[in-house]
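Here the numbering used here is used: the first residue of the sequence shown is 3, the next is one more, and so on.
Presented below is the structure to which this report refers.
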Amino acid sequence: MQRARFVEDDRQALLAPEPDAELATRSWKSAPYWHVERARVPGTREVEVELVIDGYPVAKQRLLADGDVRPINFETAISQSSWVALRILPTSHTNPIWIEVAGQP
3 MQRARFVEDD RQALLAPEPD AELATRSWKS APYWHVERAR VPGTREVEVE
53 LVIDGYPVAK QRLLADGDVR PINFETAISQ SSWVALRILP TSHTNPIWIE
103 VAGQP
């Protein structure tokens, strides 16, 4: 039986109001490799935050990247013990949170 689980967190990201034109022309193989600018949703000041369960993205939401801490909530079904994390591809990833289901590892 799968039960709905809620993942709630406060996240923040910071992008300049306008895209960094120089960084936009650089290859992914060029520094800075992990700049949050690379995660910008084109035409916005937003990034996508993914909910990752056992290494697989299962949901995503947009986050306004103005530097303010904002709540983010996901609802998902977790049927077995798993690890859960949030990430902004390709720039950052939280540490995993381990969830135990039915007393099983």
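Each residue gets a CB set at the ideal place from its N, CA and C atoms; glycine is no exception.
Who are the Cβ neighbours of residue i in its own chain at under 6 Å, not counting the five residues just before and after it?
i	result
Glu-10	Asn-75
Asp-70	none
Glu-102	Ser-83
Trp-36	Thr-93
Asp-22	Glu-39
Taking 8 Å as the cut-off, decide whether the C-beta atoms of residue i and residue j are in contact.
i	j	result
Leu-17	Glu-39	yes
Val-49	Ala-87	no
Val-43	Arg-64	yes
Ala-61	Thr-46	no
Can you have a look at residue i and say buried or exposed, based on whether 16 or more other CB atoms are within 10 angstroms of its CB?
i	result
Ile-90	buried
Ile-99	exposed
Ala-67	buried
Leu-25	exposed
Going by beta carbon distance, what residues of the same chain come within less than 8 Å of residue i, once the five residues before and after it are set aside?
i	result
Asp-12	Val-71, Arg-72, Pro-73, Ile-74
Taking 8 Å as the CB-CB limit, is residue i close to chain B?
i	result
Lys-62	Absent here is chain B; the protein component of the structure consists of one chain.
Span of the alpha helix (DSSP H) holding residue i?
i	result
Met-53	Per the sequence shown, residue 53 should be read as Leu rather than Met. Looking at the DSSP string, Leu-53 is not in any alpha helix (DSSP H); the run it does join, the beta strand (DSSP E), is 48 to 55.
**Asked** Which full runs of the beta strand (DSSP E) of 3+ residues lie inside the stretch 63 to 90, going along the chain?
**Response** 72 to 80, 84 to 90
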